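Q: One point on numbering: in UniProt numbering, the residue at position 97 of the sequence shown is 97, and numbering is uninterrupted.
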Amino acid sequence: MVTNRTFTMLKPDAVEKGHIGAILEKITASGFRIVAMKLTQMTKTDAEEFYAIHNERPFFGELVEYMTRGPIVAAVLEKDNAVEDFRTLIGATNPADAAEGTIRNMFADSISENAIHGSDSDENAAIESAFHFAGRDMF
Ligand code: RTP
Ligand code: MG
């Protein structure tokens, strides 16, 4: 398994607010190489599967509604220690707790609409990348 890659989504709120360019600039300036990228929209079934780990949580319905309401930017990123370093770059789930200069600190409004996703393990990075991209679309 490739362990120097992570998977990200710029979530519908970030795309709606016109933050794609600024967020990608921050990601690449932080040393991540773009391995794969596309603008896409998740169906309800996609979002229910992608976030299946949260399906018992009280916010699950709201999360699926949010993640399917408009296009997202899905991308695979490469860097040494990618998963951990990317989680540091995006900041805490709740932007109110996200460190100064992190992507959620700069671009997110609330714990439920928090601008960006980052995989939480190498194993999930591989699963989530394969969910959105065929092998021939990763470079
Ligand atoms: P993500 O998976 O999207 O990178 O976010 P995360 O690891 O920081 O947070 P996680 O616990 O996996 O939650 C997934 C997403 O669900 C929404 N959420 N809403 N209303 C709430 O209390 C609540 N808690 C979580 C957020 O969009 C969060 O990123
Ligand atoms: Mg998560």
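Using N, Cα and C, we set each Cβ at its ideal position, and we do this for glycine too.
On a predicted model such as this, the values are computed, not experimentally measured, just so you know.
#1: In whole angstroms, what is the alpha-carbon distance linking residue 117 and residue 47?
#2: According to the neighbour-count rule (16 or more other Cβ atoms, all chains shown, within 10 Å of its Cβ), is residue 103 buried or exposed?
#3: The ligand MG and residue 120: does any heavy atom of the ligand fall closer than 7 Å to the residue's C-beta?
#4: Using only CA atoms, which one of 78, 133 and 96 lies nearest to residue 5?
#5: Mapping DSSP to helix, strand and coil, what is residue 11?
#6: Straight-line CA distance for residue 97 to residue 90?
#7: Helix or strand or just coil, what does DSSP make of residue 115?
#8: Exposed or buried, which one is residue 36 when buried takes at least 16 other CB atoms within 10 Å?
#9: For residue 80, which option in 32, 65 and 56 has the closest C-alpha, if you only look at C-alpha atoms?
A: In short:
#1: 13 Å
#2: buried
#3: yes
#4: 78
#5: coil
#6: 11 Å
#7: coil
#8: buried
#9: 32
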